[in-house]
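Following: one structure in structure tokens, then a few remarks.
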Amino acid sequence: MKVGIEKVETESRPTYSLYYNNQECGCMMDNENGIWIYEPNGHEALILSAEEIQHLGKQILEQAG
28 MKVGIEKVET ESRPTYSLYY NNQECGCMMD NENGIWIYEP NGHEALILSA
78 EEIQHLGKQI LEQAG
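Printed below as a string of structure tokens:
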């Protein structure tokens, strides 16, 4: 599965919009404890398990770092 990622400028923690098939499907952010949170975006959301969310979050950090 290929998911596109785009950093969103916010005043709080870094947030990343997720795109699948060129459509925005939600966003991800990590909380103060380093746990990644996925917020789906309407009917186009991806179905991700807790493990997949954490794995994707780690990949985001590696690419952004």
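In my numbering, the protein residues as written are 28 to 92. From the three backbone atoms N, C-alpha and C, an ideal C-beta is built for every residue, glycine too. For clarity, every value in this text was computed on a predicted model and none was experimentally measured.
In the DSSP assignment, find the beta strand (DSSP E) that holds residue i and state where it starts and stops.
i: I32; result: G31 to V35
i: E78; result: Looking at the DSSP string, E78 is not in any beta strand (DSSP E); the run it does join, the alpha helix (DSSP H), is A77 to A91.
i: G69; result: Neither: G69 is in no beta strand (DSSP E) and is coded neither H nor E.
i: G53; result: Q50 to D57
i: S44; result: T42 to Y47
Would you mind stating whether residue i and residue j have Cβ atoms separated by less than 9 Å?
i: L75; j: L88; result: no
i: Y46; j: V35; result: no
Taking the alpha-carbon of residue i as reference, which of the options has the nearest alpha-carbon?
i: C52; options: E38, P41 and A72; result: A72
i: T107; options: N49, M56 and Q50; result: Only positions 28 to 92 of the chain appear in this structure, which leaves residue 107 out of reach.
Please work out which residues of its chain come closer than 6 Å, Cβ to Cβ, to residue i, disregarding the five sequence neighbours upstream and downstream, and give them in chain order.
i: E33; result: S44
Contact check, residue i vs residue j under 8 Å by CB: the rounded distance?
i: W63; j: Q81; result: 5 Å
i: E66; j: C54; result: 5 Å
Excluding five sequence neighbours on each side, which residues of the same chain lie with their C-beta closer than 8 Å to the C-beta of residue i?
i: N58; result: R40 and I64
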